[in-house]
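Numbering (the numbering used here), first residue to last: 51 to 1142.
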């Protein structure tokens, strides 16, 4: 079938070229709109005669009759778009193509009326349209009927299937109920015969299913109770508790039951019965339980609980962080309010002060002065320019050549505001000069003096006899308004300056915290690598819930040469819930030196503990690190190490009662251990010479009686530590000094015993009591002799030797009683091992390095330095410090190697080597600064004479300051290139550690702690690497001139020959951590070892 579409040639219609369409020319007549039932009323003028094109679609549209729709249009409205040509049944077709068309055209041309012909054509087409519409409706009714019938049939089939399914379900349910009843009845009989009062159904319990629990009430303690309830939980009472009420069943006897849903995480259900009050049936205190089979095991459940705990901890930490953030914001808001009020008060005070002074001047000021000066015009205001005349001949400037004015406003409020040269006036009456002056908007008063030159070069002044000249601005702004604006200006200035300071302080504090965190991270890494020659792990940072491989080198241990190595491990200092893991045989590693073993770390581990042996059984040889065991911290776990309670009993503490290094150790070690989340207290005598200004929150705590006297106890805070001060009323510590009394031994023995008695009477239960040197050595044996049968006797004792020169007998006795003993460096512990008071106790004697306090010695926050610096800008910071040091001491400002010496001048410190080093440094063209004093007058006088000689011969390059000066010591540490420590012996030494903190390179003798902390750049590369460090200084062995020259010459040559290398060395030593971070970890290991 072809469908023709007429396109009128008179329209600007563009047809796309579409393949199925063909266009044929057509000549004839067609209506301008689709024919319909109203066609007979069409106007004759609506007919269009012309050329059209016939578009024929090749598709067969006759296969499906389309329903026709008629859109209403206004009369004579022209159709839009294409009009379909009538089909073969209804179109004019052959009639119009044939004689009728020709006749119509002919008749029209001859003037014949065509209305009849048009009406007939439209009527025929209308009848055909109505017939087609009826056919369409009949077809659609038939299709709709078929669809309804199909839908009804489908619903009937679905209902039939549902009924069949329900019947099957009910049949199975009935069968299941029948089987259940038979099984339950059987279980009732069996349990009655066995005298069992409880059973469950089903007999085999599966996870994520239901269980019904039955109780024979008559056989239980609840026989006379009205109500019966069950209370229980899963997995040994650790998971999802429940309480349900039981109901009486249909079973023979008094069987009661309830249903419980078993979670998928369960491996066991635990329960008891009760009456809802106080009567229980708990299986004779053993509880009832039923195993759950085919589900999660106890180990997996433990992991589940730990994971839930981890998630809870993360959530809690996030919530706490958010709360802390909110609190911090609130604190900042309150602090800002208070600071703003302070700024306003300060602005108000400044305004009142300025106003008072200005009003005093205003009251004395005139418009002119006795033919000496005047202003034109007389009346002026802000923004005006006035001319100021001055009669030079009447003042002290009469003979000067040039004349200048130095001026300001409002009683010099903003200082010197303008400087201008005066011009000579043409007036004949006097030597008059003038200058034009601009009057600021807010000026109330003009201020000036006259001079013979600008400020930098002026010699002669006329300042009105030191009163200065002033002139009132006649038409100035109202004073009240001026002072209101002035107060606002001052407030804004104060506010902006304060905010800038706060931002700088905040940024500096944040950087300090970042540097501290990074330093701690490096320290932990060094700690983990410190025993790499024997044992190490991969990864180095052991993570909870992850596998770790332990590598062990038996050749460097007591198991050298053993054919087999066995690994014995647990966690959390041997207290973990899983207990001791079975011994595992270690396998050879790829390097041929180590053996290795892999272990899965539990999620609740915070410490990994292990030892090595040469066989699987317990009767072999062991490497347990000399009784300390090997311990590696675990990160990322849900469990945290329980805090210990450590009490230091000491007679010194920095900065309130300091004589020597003991005071620094007590304070700094305590702070470092407290920072690791342990509780630390200090007990100290309350001397009458304490520096109480450094004690915060000092107050009376309590008093007790012991030793025949009342002892008052005061509690305060020193450097963030809780300190208990004991003040016996017998006056033992009202001597005006710490040491130096004839009865020092008696005083400190009394204090040691009184401290233990205080702990006992207070009810304290410390884990560790740490005593120091001969002065508190009696604590060790007094605890064991007098308090072992008290709760206090459970504490272990650690004793530290700081100085062996005093109280050897007391030290020896404390060594015998202490659980563990230490001294202040590993090398010094070896050097004194032969001492008769130490030798018998080497098995419990350990050397642990001291550290320095990074908050006290901090070049980034040091108020005594001209420029703050860190490792990132060490070169610039030290250059500024050196220039400041040279200026302060009157040395030549020059780029020369500078050697600093900060020491007590005693024979122990190698004073003969110090003298030689001074001369040697000067010979090499360097500068020398010494700070220190001698307790021995003869040594002090010797150095006074040396200072006089050096200051005379080398005044620009040598300076000896023979006193104690803490600010100067900070400047020397920062400004020096090298710090010399040539000690004959040195238990630890803090000078070289402080020097490196400030980026100064140490030059030391290899002894004691100096050997443990300074690694020669030429000779100690391997030794440094074994400690996880890099070489950091210069050292010598023999305490003679040649040894000093060996170190000094290499150091100064390195400075001259390789400045880039030397600067990188300064940066390296600053990045090494010599604080208490690492020693605190070592002491914690020792504390734990005493409690094993």
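In this text, a Cβ means the ideal position worked out from N, Cα and C, and glycines have one as well.
Rounded separation between residue 1141 and residue 325 - CA only: Looking at the two C-alpha atoms, the distance is approximately 47 Å.
For residue 668 and residue 1132, the rounded distance between their alpha carbons: For residue 1132 and residue 668, the distance between alpha carbons rounds to 28 Å.
Proximity of residue 934 and residue 947 at Cβ, strictly below 8 Å: Cβ distance not < 8 Å, so residue 934 and residue 947 don't count as in contact.
Closest by C-alpha distance to residue 486, when choosing among 493, 434, 519 and 451: It is 434 whose Cα lies nearest to the Cα of residue 486.
Neighbour-count burial assignment, residue 303, 16 or more Cβ in a 10 Å radius: The residue in question, residue 303, is exposed, as its Cβ has fewer than 16 Cβ neighbours within 10 Å.
For residue 676, three-class secondary structure by DSSP: It is coil, neither helix nor strand.
CA nearest to the CA of residue 431, picked from 480, 490 and 385: Here the closest residue by C-alpha is 490.
Within 8 Å, strictly: CB atoms of residue 1006 and residue 942: In this structure, residue 1006 lies near residue 942, with their beta-carbon atoms less than 8 Å apart.
CB contact flag (residue 1139, residue 870, <8 Å): Cβ distance < 8 Å, so residue 1139 and residue 870 count as in contact.
Straight-line gap, residue 781 to residue 1022 (C-alpha atoms, nearest Å): The alpha-carbon of residue 781 is positioned some 41 Å away from that of residue 1022.
Cβ neighbours of residue 474 in the same chain (closer than 7 Å, five flanking residues each side left out): Within the same chain, residue 474 has close Cβ partners 483.
Residue 1029: first and last residue of the uninterrupted beta strand (DSSP E) it sits in: Unbroken beta strand (DSSP E) run through residue 1029: 1028 to 1031.
Limits of the beta strand (DSSP E) - the one that residue 521 falls within: Looking at the DSSP string, the run of the beta strand (DSSP E) that includes residue 521 is 519 to 522.
Residue 796 to residue 753 span [Cα, whole Å]: Those two C-alpha atoms are separated by around 21 Å.
Cβ contact (3+ pairs, closer than 8 Å) linking the region 541 to 552 and the region 383 to 401: Contact holds: three or more Cβ-Cβ distances are below 8 Å.
N- and C-terminal bounds of the alpha helix (DSSP H) containing residue 539: 529 to 579 is the extent of the alpha helix (DSSP H) around residue 539.
Secondary structure of residue 658, DSSP reduced to three states: Three-state result, residue 658: strand.
Beta-bridge partners of residue 281, as assigned by DSSP: According to DSSP, residue 281 shares a beta bridge with 293 and 322.
Best match in 393, 821 and 880 for proximity to residue 860 [C-alpha to C-alpha]: Nearest of 393, 821 and 880 to residue 860, Cα basis: 821.
Sequence-distant residues of the same chain with beta carbon closer than 7 Å to residue 467, five excluded per side: Around residue 467: 457, 458 and 459.
N- and C-terminal bounds of the beta strand (DSSP E) containing residue 441: Counted as a single uninterrupted DSSP element, the beta strand (DSSP E) harbouring residue 441 occupies residues 435 to 441.
DSSP three-state assignment for residue 1143, whether helix, strand or coil: Outside the modelled stretch of the chain, which goes from 51 to 1142, sits residue 1143, for which no answer is possible.
Member of 334, 315 and 1075 whose CA lies at the smallest distance from the CA of residue 351: When only C-alpha atoms are compared, the closest one is 315.
Coarse secondary structure for residue 845, derived from DSSP in three states: The answer is coil: DSSP assigns residue 845 none of H, G, I, E or B.
First through last residue of the beta strand (DSSP E) which encompasses residue 588: Taken as a continuous stretch (DSSP letters only), the beta strand (DSSP E) holding residue 588 covers 585 to 588.
8 Å Cβ cutoff met for residue 779 and residue 807: For residue 779 and residue 807, no; Cβs fall outside 8 Å.
Three-way DSSP call (helix, strand, coil) for residue 919 in this model: Assignment of residue 919 by DSSP, reduced to helix, strand and coil, places it in the coil class.
Distance between beta carbons of residue 510 and residue 447, contact taken as under 8 Å: 6 Å between Cβ atoms; contact.
Residue range of the unbroken alpha helix (DSSP H) whose run includes residue 880: From DSSP, the alpha helix (DSSP H) with residue 880 extends over 876 to 881.
Reference residue 1076, options 279, 575 and 255, closest by Cα: Cα-wise, what sits closest to residue 1076 is 575.
Minimum C-alpha distance to residue 971 - residue among 684, 401, 1008 and 359: For the residues 684, 401, 1008 and 359, the minimum Cα distance to residue 971 belongs to 1008.
Cβ neighbours of residue 631 in the same chain (closer than 8 Å, five flanking residues each side left out): In the same chain as residue 631, and ignoring 5 residues on each side of it, the C-beta atoms closer than 8 Å to its own belong to 618, 619, 620 and 649, in chain order.
Straight-line gap, residue 678 to residue 1128 (C-alpha atoms, nearest Å): Going by the C-alpha atoms only, they are around 17 Å apart.
Burial state of residue 739 (16 or more Cβ within 10 Å): Under this definition residue 739 is an exposed residue.
Under the three-state DSSP convention, the category residue 1123 falls into: The three-state reading of DSSP puts residue 1123 in coil, since its state is none of H, G, I, E or B.
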